[in-house]
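Q:
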Amino acid sequence: MEINILVGGPKEQLPDNFAQIVLSTKAPDVWVGADYGAVTLCRIGINPSLSIGDFDSSDNAEQFLVQIKSQKIISSRSEKDDTDTQLAVRLSNQYFPHASVIRIYGATGGRLDHLLSNIFFVLADEFKKIAPKIELIDRQNSVRFYLPGTYIIEKELDKKYLAFIPLTAVKSLTLVDEKYRLTKTDFNEPVSLASNEFMGATGTFGFSSGVVCVIQSTD
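Numbering (the UniProt record's numbering), first residue to last: 1 to 219.
1) Could you pull the start and end residues of the beta strand (DSSP E) that Asp125 belongs to?
2) Would you call Asp177 buried or exposed, if buried means 16 or more other Cβ atoms sit within 10 Å of its Cβ?
3) Whose C-beta lies closer than 7 Å to the C-beta of Leu123 among residues of the same chain, with five residues either side of it excluded?
4) So what's Ser57 in DSSP terms, helix, strand or just coil?
5) By the 10 Å Cβ neighbour count, where 16 or more other Cβ atoms means buried, how is Gln216 classified, buried or exposed?
6) Tell me which residues share the same chain as Ile44 and place their Cβ nearer than 6 Å to its Cβ, disregarding the 5 neighbours each side in the sequence.
7) Please classify Pro97 as buried or exposed, where buried requires at least 16 neighbouring CB atoms within 10 angstroms.
8) What number of angstroms, rounded off, separates the C-alpha of Thr83 from the C-alpha of Ser100?
9) How many angstroms separate the CA atom of Lys171 from the CA atom of Leu87?
10) If Ile137 and Tyr95 are in contact, beta carbons under 8 Å, what's the gap, nearest whole angstrom?
11) Spatial neighbours of residue 222 within its chain, please: C-beta separation below 6 Å, excluding the five flanking residues on both sides.
12) Tell me, which residues are paired with Gln216 by DSSP?
13) Which residues mark the beginning and the end of the beta strand (DSSP E) in which Phe120 is found?
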């Protein structure tokens, strides 16, 4: 099972074929709408498995649409400690704990504080253990999170650039076969190792401690 979450970021940052992605989803994969993301899913023609939020940005007709089409609605307060993304990931993981992927759309673009929150929330203890499941996707980027280990990642067909971003102190980061390579390099603070590239269909990297974000991007 794969979980797909739509949060309320700018529609312009969604993949160009987002409606087709939504409508092609097959059971048992599920869609979760966070706040206005639930409205968007319902308008596309999806009955969200979960709709989460205070819906204060929705008018009465939109709120009614979410009520009649959602399989389950979880209300939240407008003033809360968690972002919509954090709340959606937490509840999605509670309701669907065996999902292999938690894919998030609408989490980029617009306000920079929201973007940073949607990247750094994986460092919290409750989310770090599921960080490898989490992926952020927009029209230009895919973002994945890695815990210590050695990995082989596949190049996405429409992507050119590859970035490795230590989100914490990281030890022994090794980039084996990318265009720009590293051997057991330590980083004491967050840094963006941007504009790397694959040299083939896959790339291999590893590290011994910390959390690393990997981004594949296209112009």
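Just so it is clear, CB atoms sit at the ideal spot from N, CA and C, and this is done for glycine as well.
A: From the atom records:
1) Within the sequence shown, the letter at position 125 stands for residue 125. Counting along the chain, Asp125 falls outside any beta strand (DSSP E), though it belongs to the alpha helix (DSSP H) covering 125-128.
2) Here residue 177 refers to the residue found at position 177 when the sequence shown is read from its first residue. Under this definition Asp177 is an exposed residue.
3) Locating residue 123 in the sequence shown gives position 123, where the first residue counts as 1. Excluding sequence neighbours, Leu123 sits near Leu167, Thr168, Val211.
4) What you label residue 57 is simply residue 57 of the sequence shown in a count that begins at 1. Of the three classes helix, strand and coil, the one that applies to Ser57 here is coil, per DSSP.
5) Within the sequence shown, the letter at position 216 stands for residue 216. Gln216 is buried by the Cβ-count criterion.
6) Looking up residue 44 in the sequence shown gives position 44. Correct list, in chain order: Ala19, Val22.
7) As a position in the sequence shown, residue 97 is number 97, starting the count at 1. Pro97 comes out exposed.
8) For the purposes of this step, residue 83 is taken as the residue at position 83 of the sequence shown. For the purposes of this step, residue 100 is taken as the residue at position 100 of the sequence shown. Here the C-alpha atom of Thr83 lies approximately 23 Å from the C-alpha atom of Ser100.
9) Start at 1 with the first residue of the sequence shown, and residue 171 comes out as number 171. Start at 1 with the first residue of the sequence shown, and residue 87 comes out as number 87. Straight-line Cα distance between these residues: approximately 31 Å.
10) Translated into the one-based positions of the sequence shown, residue 137 becomes position 137. Translated into the one-based positions of the sequence shown, residue 95 becomes position 95. So it is not a contact: roughly 21 Å between Cβ atoms.
11) Summary: the structure shown does not reach residue 222, with the chain confined to residues 1 through 219, and so no result is reported for it.
12) Taking the first residue of the sequence shown as position 1, residue 216 is located at position 216. DSSP, once it has assigned bridges, lists Ser142, Leu162 as partnering Gln216.
13) By 1-based counting over the sequence shown, the position of residue 120 is 120. Careful: Phe120 lies outside any beta strand (DSSP E), inside the alpha helix (DSSP H) at 112-120.
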